[in-house]
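Numbering (our numbering), first residue to last: 14 to 590. Single-structure report; data block below.
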Amino acid sequence: MNAPFEPVTDLCDFVPQTAAFAAESEAAQAIHRETPGRTSRAGDAASAATLLERVFDVSFAVLDAEAGACIRRPSDLPDMDWDLFAAIARPLIGSRTPILIVEEDPLCVLAVPLQGRSRSCVAAAPLVTRRPEPQADWRAAARAAGCPPAALAEWAARQRAWDPEAALRVAQLALEHDFQLRRLADVERETDELSFHLSSVYEEISLLHRLTQNLRLSKSDVELARSALDWLAEVIQAEGLGLLFLPVAEAVEEHGTVTRTKPELLSVGRFPFSAEEVRRWGETMRLAELGGPVVRNLAPDEAARSEYPGIRNWMGVAVTEGQNLFGYFLAVNHARGGQFGTVQANMLHSVASILGIHGGNIELYRQQAELLAGVIRALSSAIDAKDPYTCGHSDRVARISVRLAQDLGYSAEALTRVYLAGLLHDVGKIGVNDAILQKPGKLTEQEFDQIKTHPTTGYRILSELRDLDDVKQVVRHHHESWDGRGYPDGLAGEGIPPVARIVAVADAYDAMASTRPYRNRMPLEKIEEILRHGAGKQWDPAVVDAFFHAKDDIVKITEADEINSLSFPTLAFGKQS
Ligand SMILES: [Fe+2]
Ligand SMILES: [Fe+2]
14 MNAPFEPVTD LCDFVPQTAA FAAESEAAQA IHRETPGRTS RAGDAASAAT LLERVFDVSF
74 AVLDAEAGAC IRRPSDLPDM DWDLFAAIAR PLIGSRTPIL IVEEDPLCVL AVPLQGRSRS
134 CVAAAPLVTR RPEPQADWRA AARAAGCPPA ALAEWAARQR AWDPEAALRV AQLALEHDFQ
194 LRRLADVERE TDELSFHLSS VYEEISLLHR LTQNLRLSKS DVELARSALD WLAEVIQAEG
254 LGLLFLPVAE AVEEHGTVTR TKPELLSVGR FPFSAEEVRR WGETMRLAEL GGPVVRNLAP
314 DEAARSEYPG IRNWMGVAVT EGQNLFGYFL AVNHARGGQF GTVQANMLHS VASILGIHGG
374 NIELYRQQAE LLAGVIRALS SAIDAKDPYT CGHSDRVARI SVRLAQDLGY SAEALTRVYL
434 AGLLHDVGKI GVNDAILQKP GKLTEQEFDQ IKTHPTTGYR ILSELRDLDD VKQVVRHHHE
494 SWDGRGYPDG LAGEGIPPVA RIVAVADAYD AMASTRPYRN RMPLEKIEEI LRHGAGKQWD
554 PAVVDAFFHA KDDIVKITEA DEINSLSFPT LAFGKQS
């Protein structure tokens, strides 16, 4: 059997012309340039040449027809003038048809162009064209082949004979077969690349879909990130993944709005960095200014010299929205000892973008909530300023209402709305004449009629604020009576909005428990008696029950010196569900 070919790096460049292999080919050409005296190119000529060897049962030399040189000289063939053959084979460059470059009975030399990137490689082998007589004269053939006649005769004696025409046809078939195999390999490789790409895209879309399903303003950025972190670490195959949230504000705003005042680091897997280290790293890498992900895969010697031993590779991106910087993502060490690439970086960037948008929305929402809270505080101060004798009444009613609602099982979100309703319940008094509001003595019937307009006036004042639709109903109906004898609409029982029934009890209690210019505060026993007597007549009995459950706390509220000394839930201005 013939000698096998040496490793493919010794042969011609038969690299398929895809981007993925272009770099390898370029590298091979560089090696070729930098290795004087040796024609060495990467490629898979071996497959085509090996196929020819199998078919013809003879070793093939490989010639570079462009350079006019033999680049693979099989040792089991007679020592022929291969460089001459390379020069003769020059017309084969770019061709796909085998030819005979020597025909000297009983010998021919078959030359087959190999379908390579350089298109200048040719496989060539001597073939015996008929079984010669024992005493045949090999001199002419040996001269044509450039080798000693004896060596040629000895080699020819071991070879099978080929009809030249048949040899050309077989070589052509072998070439076409090889070409089909090569095409098939290309298709398989492209299919693999495509399916890898598709699975990456699928994973990215799944992750983003899962994230966007969780995009609710009621969900904090930290909550949203926590739900994404484990899955993201798995998808990008990172040993450790950290997400640092930077502080949003220097200090907590008043009246309970929640903001982050300290850095917060979330991490999964083996994540070796502290919050401060991630912050410094993000600033050093200027990630916020870059606006995109940064990937570093360290060479082993780089990793060994690194400030952080054990870190082989990392990638990071800033979490931003517009000019706002919310934090940094940092993934460390590919879990399978591989490298981070475009796919992982894109996923990290996509998640960071969504978190950035969410953070931006939360910040806008917080600012809007603060603005509205400021307006509401200003309104409530305006009411108190109109009627100095009832100073602090709105705030106390708000807090007593919250305490009653807690007892009645309201959610934290609903308590916020109760608080607002309490603060604003008397906002309509802005439209009542000061002289009537501040009159120290008993009111006339006309004066009382004017006071009774304050629920509808308040309702009108708030009418343009769609965010306060539920609060408006409380403002309008906080003087309705359980038995239907209240005002302005004479609603009764369950027909009265529930929070209005709560505020009604809080309002009545605070009025009775406060000292007025024309009377002292009532003793608690008297108030309790009035409330007990009015349950089921003026007030919702369930709310009166709640009063007695929460009585101790409520008494403390009225006696507290400090207004706003209690903390309340985050102010939320969406509609109460
Ligand atoms: Fe009122
Ligand atoms: Fe009131």
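Yeah, the Cβ is synthetic: ideal placement off N, Cα and C, and Gly gets one too.
Quiz item: Can you tell me the Cα-Cα spacing of ILE570 and ALA382, whole angstroms?
Solution: When rounded, the distance between both Cα atoms is 25 Å.
Self-check item: Buried or exposed by the 16-neighbour rule on C-beta atoms within 10 Å, applied to LYS485
Solution: LYS485 should be labelled buried.
Quiz item: What's the gap between the Cα of GLY304 and the Cα of THR333?
Solution: If you draw a straight line from the Cα of GLY304 to the Cα of THR333, it comes to about 8 Å.
Self-check item: Separation of ILE367 from SER393, as counted between CA atoms
Solution: Distance between the alpha carbons of SER393 and ILE367: 38 Å.
Practice problem: Specify the secondary structure class of ALA40 as computed by DSSP and reduced to three states. | Solution: In this prediction, ALA40 has a pLDDT of 28, which is less than 50 and means its spatial position is unreliable; what the coordinates show is noted afterwards. Correct three-state label for ALA40: helix.
Exercise. Look at the alpha carbon of LEU123 and the alpha carbon of GLU201, and state the distance between them as a whole number of angstroms.
Key: Computed Cα separation, rounded: 32 Å.
Practice problem: Using the Cα positions of VAL516 and VAL487, report the straight-line distance between them to the nearest angstrom. | Solution: Using only the alpha carbons, I get a separation of about 8 Å.
Exercise. Please name the residue or residues paired with GLY405 in a DSSP beta bridge.
Key: Bridge partners of GLY405: none, in fact.
Quiz item: Which residue comes first and which comes last in the beta strand (DSSP E) that contains ASN337?
Solution: Where ASN337 is concerned, the enclosing beta strand (DSSP E) stretches over 337-347.
Practice problem: Spell out whether any CB of chain B is found under 7 Å from the CB atom of MET298. | Solution: Any reference to chain B falls outside this structure, which holds one protein chain only.
Quiz item: Terminal residues of the continuous alpha helix (DSSP H) containing PRO501?
Solution: Under the DSSP assignment, PRO501 falls outside any alpha helix (DSSP H); it carries neither an H nor an E label.
Quiz item: Between which two residues does the alpha helix (DSSP H) harbouring ASP96 extend?
Solution: Looking at the DSSP string, the run of the alpha helix (DSSP H) that includes ASP96 is 95-101.
Practice problem: Within 10 angstroms of the Cβ of VAL291, are there 16 or more other Cβ atoms? Answer buried if so, exposed if not. | Solution: By the neighbour-count rule (16 or more Cβ atoms within 10 Å), VAL291 is buried.
Quiz item: Counting Cβ pairs, one atom from each stretch, are 3 or more of them under 8 Å apart for the stretch 406-424 and the stretch 494-504?
Solution: With the cut-off at 8 Å, the stretch 406-424 and the stretch 494-504 do not touch.
Quiz item: DSSP on GLU320, reduced to helix/strand/coil?
Solution: It is coil, neither helix nor strand.
Exercise. To the nearest angstrom, report how far apart TRP95 and SER88 are at their CA atoms.
Key: The C-alpha of TRP95 lies about 12 Å from the C-alpha of SER88.
Quiz item: Does the stretch 314-323 come close enough to the stretch 209-221 to have 3 or more Cβ pairs within less than 8 Å?
Solution: Touching, no, given that fewer than three Cβ pairs across the two stretches are closer than 8 Å.
Quiz prompt | Three-way DSSP call (helix, strand, coil) for THR355 in this model | solution = Helix, per DSSP.
Self-check item: Residue list, Cβ distance to ligand 2 heavy atoms smaller than 5 Å
Solution: Residues flagged by the Cβ proximity filter: ASP439 and ASP520.
Exercise. Could you tell me the distance, in whole angstroms, from the CA atom of ALA288 to the CA atom of ARG409?
Key: The alpha-carbon atoms of ALA288 and ARG409 are separated by roughly 42 Å.
Quiz item: Is the beta carbon of GLY282 sitting closer than 7 Å to the one on GLY253?
Solution: Yes. Within cutoff.
Quiz item: Quick check: the stretch 446-454 against the stretch 472-484, are there 3 or more CB pairs under 8 Å?
Solution: The count of Cβ pairs closer than 8 Å, one atom from the stretch 446-454 and one from the stretch 472-484, stays below three, leaving the stretches out of contact.
Quiz item: The beta strand (DSSP E) with ILE464 in it runs from where to where?
Solution: Counting along the chain, ILE464 falls outside any beta strand (DSSP E), though it belongs to the alpha helix (DSSP H) covering 458-464.
Quiz item: How far does the beta strand (DSSP E) with THR333 in it reach, from first residue to last?
Solution: It spans 326-334 - the beta strand (DSSP E) in which THR333 sits, taken as one unbroken run.
Quiz item: Do the stretch 524-537 and the stretch 429-438 meet, that is, are 3 or more Cβ pairs less than 8 Å apart?
Solution: Touching, no.
Quiz prompt | Expected contact under 8 Å - CB spacing of VAL308 and ALA246 to nearest Å | solution = That belief does not hold up - the Cβ atoms of VAL308 and ALA246 are roughly 16 Å apart, past 8 Å.
Quiz item: Going by the beta-carbon positions, is the gap between VAL135 and ALA102 smaller than 7 Å?
Solution: Inclusion of VAL135 and ALA102 in the CB contact set at 7 Å is warranted, their separation being smaller than that value.
Quiz item: What does a CB cutoff of less than 8 Å around ALA398 pick up in its chain, not counting 5 residues either side in sequence?
Solution: Within the same chain, ALA398 has no close Cβ partners at all.
Exercise. Answer yes if the stretch 109-124 comes into contact with the stretch 180-191, meaning at least three C-beta pairs across the two stretches below 8 Å, and no otherwise.
Key: With contact defined as three or more Cβ pairs closer than 8 Å, the stretch 180-191 and the stretch 109-124 are in contact.
Quiz item: What residue does the beta strand (DSSP E) around LEU254 start on, and which one ends it?
Solution: Per DSSP, LEU254 belongs to the beta strand (DSSP E) from 251-258.
Quiz item: Using 8 Å as the threshold, is the stretch 547-564 in touch with the stretch 505-524, meaning 3 or more CB pairs across them?
Solution: A contact exists between the stretch 547-564 and the stretch 505-524.
Practice problem: Assuming GLY441 and GLY471 form a contact by the criterion Cβ under 8 Å, report the distance between their Cβ atoms to the nearest whole angstrom. | Solution: With a contact defined as Cβ atoms closer than 8 Å, GLY441 and GLY471 qualify at about 3 Å.
Practice problem: Would you kindly work out how many angstroms separate the C-alpha atoms of LEU165 and GLU189, rounded to a whole number? | Solution: Using only the alpha carbons, I get a separation of about 31 Å.
Quiz prompt | Minimum C-alpha distance to ARG498 - residue among ALA411, GLU541, PHE353 and GLN551 | solution = Of the listed residues, the one whose Cα sits closest to ARG498 is GLN551.
Self-check item: Option nearest GLU493 by Cα separation, candidates ILE474, ARG473, LEU475 and HIS467
Solution: In terms of CA proximity to GLU493, HIS467 leads the group ILE474, ARG473, LEU475 and HIS467.
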